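Residue numbers (the numbering used here): 34 to 173.
For every residue, glycine included, the Cβ atom is placed at its ideal position computed from N, Cα and C.
Keep in mind it's a predicted model, so treat the numbers as computed, not measured.
Report on the following structure.
Spelled out as structure tokens, the structure:
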């Protein structure tokens, strides 16, 4: 359960109302609503081969694993059309975020003049990230 800190409640409610207003809009393919989130993940590999399945029992995997690095997963979804896209990256920086947003718009929404992007307030999810990542002529 999330608790809104009292000193942030007005800002939180204001942002929440903006998002709820967006979610109440009817579907418009010319101005799609795209939701985005990301998650760091730990990459693991098994230290022992799984035991094969037997009748009535699934394949058995040992609980031990070896850490094999980390990665980041970007998830994009357009809920009202049922579309989604997942991208895996090595890092999670503001430039990585800006690059994925630009790739999304250039490749998946190139025919749209406008899209609405809904994402959390992570410090890398800022319009300033686009300025950091791209020269003036390349910006979205």
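Classify residue i as buried or exposed, calling it buried when 16 or more other Cβ atoms lie within 10 Å of its own Cβ.
i, result
"residue 174", "Missing from the structure shown is residue 174; the chain here goes from 34 to 173 and no further."
"residue 129", "buried"
"residue 227", "Nothing in the structure corresponds to residue 227, since the chain is present only between 34 and 173."
"residue 50", "exposed"
Just how far apart, CA to CA, sit residue i and residue j?
i, j, result
"residue 158", "residue 152", "7 Å"
"residue 102", "residue 75", "6 Å"
"residue 48", "residue 170", "30 Å"
"residue 38", "residue 134", "30 Å"
Does DSSP put residue i in a helix, a strand or coil?
i, result
"residue 70", "strand"
"residue 157", "coil"
"residue 56", "helix"
"residue 148", "coil"
"residue 76", "strand"
Determine which residues share a DSSP beta bridge with residue i and list them.
i, result
"residue 122", "105"
"residue 93", "84"
"residue 142", "According to DSSP, residue 142 bridges with nothing at all."
"residue 164", "Paired residues: none, contrary to the question."
Looking only at C-alpha atoms, which of the options sits nearest to residue i?
i, options, result
"residue 148", "163, 77, 61", "61"
"residue 77", "46, 146, 111, 100", "100"
"residue 143", "49, 48, 63", "63"
"residue 55", "45, 67, 44", "67"
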